[in-house]
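S.K.:
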Amino acid sequence: MEQKQWDKLAEKYHDEVISPFFGEVENPLIDELKKIKNKNNKIVAEFGCGLFYLGEKLSKMFKQVHASDFSSKMVKKAKEGNLQFTNINLVQEDIRKINYKNKFDVILSVNSLLMPSLKDISVSFQNLHNALKKNGTCFIILPSMEAVIYHGHLLLHQQLDKHDEATAKRTAKVMFELNKYDLFTGHYTDGKDKQKFYYKHGIMQFMKKAGFNEIKISKVKYPWGKEVSDYEDFPNEDKLWDWFIKAKK
Ligand SMILES: C[S@@+](CC[C@H](N)C(=O)[O-])C[C@H]1O[C@@H](n2cnc3c(N)ncnc32)[C@H](O)[C@@H]1O
-14 MEQKQWDKLA EKYHDEVISP FFGEVENPLI DELKKIKNKN NKIVAEFGCG
36 LFYLGEKLSK MFKQVHASDF SSKMVKKAKE GNLQFTNINL VQEDIRKINY
86 KNKFDVILSV NSLLMPSLKD ISVSFQNLHN ALKKNGTCFI ILPSMEAVIY
136 HGHLLLHQQL DKHDEATAKR TAKVMFELNK YDLFTGHYTD GKDKQKFYYK
186 HGIMQFMKKA GFNEIKISKV KYPWGKEVSD YEDFPNEDKL WDWFIKAKK
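Reading the sequence shown from the start, the letters are residues -14 to 234 in this note's numbering.
1. Buried or exposed for residue 69, going by 16 or more other Cβ atoms inside 10 Å?
2. Counting C-beta neighbours from all protein chains within 10 Å, is the total for residue 144 16 or more, i.e. buried, or is it exposed?
3. Between which two residues does the beta strand (DSSP E) harbouring residue 58 extend?
4. Going by the CB atoms, is the gap between residue 113 and residue 123 shorter than 8 Å?
5. If you follow the alpha helix (DSSP H) that residue 44 is in, where does it begin and where does it stop?
6. Assuming residue 96 contacts residue 233 (C-beta within less than 8 Å), just tell me the rounded distance between them.
7. Write down the C-beta distance between residue 44 and residue 21 rounded to the nearest angstrom, noting that I regard them as a contact closer than 8 Å.
8. So for residue 21, helix, strand or coil by DSSP?
9. Give the straight-line distance between the Cα atoms of residue 34 and residue 186, rounded to the nearest whole angstrom.
10. Using CA coordinates, which residue listed in 174, 47, 64 is at the minimum distance from residue 165?
11. Return yes when the C-beta of residue 169 is under 7 Å from any heavy atom of ligand 1, and no when it is not.
12. Could you check whether the Cβ of residue 95 sits closer than 7 Å to any heavy atom belonging to ligand 1?
13. Go ahead and pull the three-state DSSP assignment for residue 97.
14. Would you grab the beta carbon distance between residue 141 and residue 151 for me? Rounded to a whole angstrom, and I think it's under 8 Å.
15. Would you report the Cα separation of residue 30 and residue 125, rounded to the nearest angstrom?
16. Residue 178 lies in the alpha helix (DSSP H); which residues open and close that run?
17. Can you name, in chain order, every residue of its own chain whose Cβ lies under 6 Å from the Cβ of residue 220, other than the five neighbours on each side?
18. How about residue 132 and residue 83: do their beta carbons lie closer than 8 Å?
19. Please look up how many angstroms separate the CB atoms of residue 89 and residue 118, rounded, as I've assumed it's under 8 Å.
20. Give me the Cα-Cα distance between residue 86 and residue 148, rounded to the nearest whole angstrom.
21. Between which two residues does the alpha helix (DSSP H) harbouring residue 142 extend?
22. Taking the C-alpha atoms as reference points, what is the distance between residue 109 and residue 39?
23. So is the beta-carbon of residue 80 under 7 Å away from any non-hydrogen atom of ligand 1?
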């Protein structure tokens, strides 16, 4: 999605965007941040901060906080919500165009590397790496393509319990919206909206190419339930997830 589409979402963000910071989500990020030593002497940055839900936490943990988003509406609302925290610097900038060199001790990007162009994504990973200090730590959360396919698998088996095999495959593909996914590149297209999902091997490729080391990938797990997802529920099955990446420079 482009800047203007995110501008529109700023007004109804919580209705439209599933956040890893609300509800019963199992998100390792805060515990990981707590483990970082000498935080009160360190600078943290979140790129693609949206309404900047992490503002208060980061402000209290770190000496200085830089946060940015390319949507002017998101930045405006993020500023309004974080006025009282004097160590936060909130600006409008595009991850594809930032040009920081060895500036931040810790960098965060939470579901903000969603741009459709693979070249833009590659540049963005590189820009995050450039912006990180040597020995700095980067935390990235990205939507999982494997989780989408896993959900499709659950749909298929649900349909197999109800129908003959040919019907089950046909109905499951419709429910899955197979025609909207490019399973090769990991893109979902709905009208004008195009969003990138990530395979684990794709993340490793982008991260290594950008120069990151000690890349560890785990999961942010989402509870089943309509308040966090439009997906059909399977409460007795393993949860859906985003990828959680921790890496060093
Ligand atoms: C799903 S929201 C996540 C916001 C926030 N990180 C959170 O987790 O609550 C994605 C955000 O990334 C921003 N974004 C997308 N592409 C961007 C880019 N190229 N540069 C900067 N921000 C971008 C959008 O404007 C939006 O605010």
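Ideal placement from N, C-alpha and C gives every residue a C-beta, glycine not left out.
M.R.: Taking the structure as given:
1. exposed
2. buried
3. It is not in any beta strand (DSSP E) - residue 58 instead sits in the alpha helix (DSSP H) that spans 57 to 66.
4. yes
5. 40 to 46
6. That belief does not hold up - the Cβ atoms of residue 96 and residue 233 are roughly 21 Å apart, past 8 Å.
7. With 8 Å as the limit, residue 44 and residue 21 do not qualify as a contact, their Cβ atoms being about 15 Å apart.
8. coil
9. 25 Å
10. 174
11. no
12. yes
13. coil
14. Not a contact, Cβ separation roughly 12 Å.
15. 12 Å
16. Run containing residue 178: none in the alpha helix (DSSP H); it sits in the beta strand (DSSP E), 178 to 181.
17. 209
18. no
19. 6 Å
20. 58 Å
21. 130 to 145
22. 21 Å
23. yes
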